[in-house]
Structure formats: C-alpha cells, structure tokens
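According to full-length UniProt numbering, the sequence shown is numbered sequentially starting from 1. The beta carbon of each residue, even a glycine, is placed where N, CA and C say it ideally should be. All values derive from a computational prediction rather than experimental measurement. Heads up: the structure comes next, in structure tokens.
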Amino acid sequence: DYFTHGGEQALDFHLEIGKECGEECTKPLFDQVGAYSTIAFTSRAIQVISEHDATKPLFLYLAYQAVHAPREVPDSYANAYDGIIADPERKYLPHSKLKAWASSPLLSSMFSI
Numbered sequence: 001d002y003f004t005h006g007g008e009q010a011l012d013f014h015l016e017i018g019k020e021c022g023e024e025c026t027k028p029l030f031d032q033v034g035a036y037s038t039i040a041f042t043s044r045a046i047q048v049i050s051e052h053d054a055t056k057p058l059f060l061y062l063a064y065q066a067v068h069a070p071r072e073v074p075d076s077y078a079n080a081y082d083g084i085i086a087d088p089e090r091k092y093l094p095h096s097k098l099k100a101w102a103s104s105p106l107l108s109s110m111f112s113i
C-alpha cells in the first residue's frame, strides 16, 4: 500500500538511480515504511531540483500514485480543509466537458509521437 509499502518482510519501495537500473544500483527504502509515498516522492523531487546544476536543463516527471478517498489523507492535510463544503463539481471534470478536453490541441500535442 501507499503507507507500509509492503512492510519490512516484503518491501516494494526502492530508489533506482540511472538508466536500466538493476541489482547493483537499486536501494530498498526501509526508512520509508510508515511514510506516505506522496510525501516521499515530493521530498525526493525537491532534493533532485535542489541538487541539479541550474545551468543545465532538467525534466522532472512526477506521477503520484496514492489515489485515495477524500478523507484518507494524513490528518494535517485533511484538517486544513475543515469547514469547507465538499462540492463534487469542483473535484471532477463534468462528463459534458470531458470529450472536449480529451480532444483539445494541448492534450493532443502532449501525447503525439
């Protein structure tokens, strides 16, 4: 899961740096057991950006994986929104607009080969 990462017996959370990383460069992240993957990924992204040579281009793709229901987040994040009325229309793109968005030039250019 996104919190225990399989636990210490069967850890499924590794840091792999380099192309075609294999057994020689993979590092199990036992210290991240009990930490949300979203926080771990964000921390690593900040580290990569901070340590990057600013005179060279950097492309960073960060895809969060911890999909959750509205109240399955750390309390510090959930509490920040106490008192705000949940409005489903603000969370999701209405079906009526989805088709137009999916065929937009911007989205098409992002995925063209």
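Three-state secondary structure (DSSP) of residue i
| i | result |
| --- | --- |
| Thr42 | helix |
| Ala24 | Per the sequence shown, the amino acid found at residue 24 is Glu instead of Ala. The answer is coil: DSSP assigns Glu24 none of H, G, I, E or B. |
| Gln65 | coil |
| Asp31 | helix |
Whole-angstrom distance between residue j and residue i, CA atom to CA atom
| i | j | result |
| --- | --- | --- |
| Ser76 | Arg44 | 20 angstroms |
| Ala54 | Asp82 | 39 angstroms |
| Val33 | Pro74 | 15 angstroms |
Beta-carbon proximity check, residue i vs residue j, cutoff 8 angstroms
| i | j | result |
| --- | --- | --- |
| Pro49 | Leu60 | A quick correction: the sequence has Ile, not Pro, at residue 49. Yes, these two residues count as a Cβ contact at 8 angstroms. |
| Ala80 | Tyr36 | no |
Limits of the unbroken alpha helix (DSSP H) element including residue i
| i | result |
| --- | --- |
| Tyr77 | 75-78 |
Closest Cα partner of residue i within the set the options
| i | options | result |
| --- | --- | --- |
| Lys27 | Asp12, Ser37, Tyr64 | Asp12 |
| Ile39 | Ala78, Ala80, Tyr64, Ile84 | Tyr64 |
| Glu23 | Ala54, Phe30, His14 | His14 |
Run of the beta strand (DSSP E) containing residue i, from where it starts to where it stops
| i | result |
| --- | --- |
| Leu58 | Where Leu58 is concerned, there is no enclosing beta strand (DSSP E), given that its DSSP letter is neither H nor E. |
| Leu15 | 14-16 |
Residue-chain proximity (residue i, chain D), Cβ-Cβ < 8 angstroms
| i | result |
| --- | --- |
| Lys56 | Absent from the structure is chain D; it holds one protein chain and no more. |
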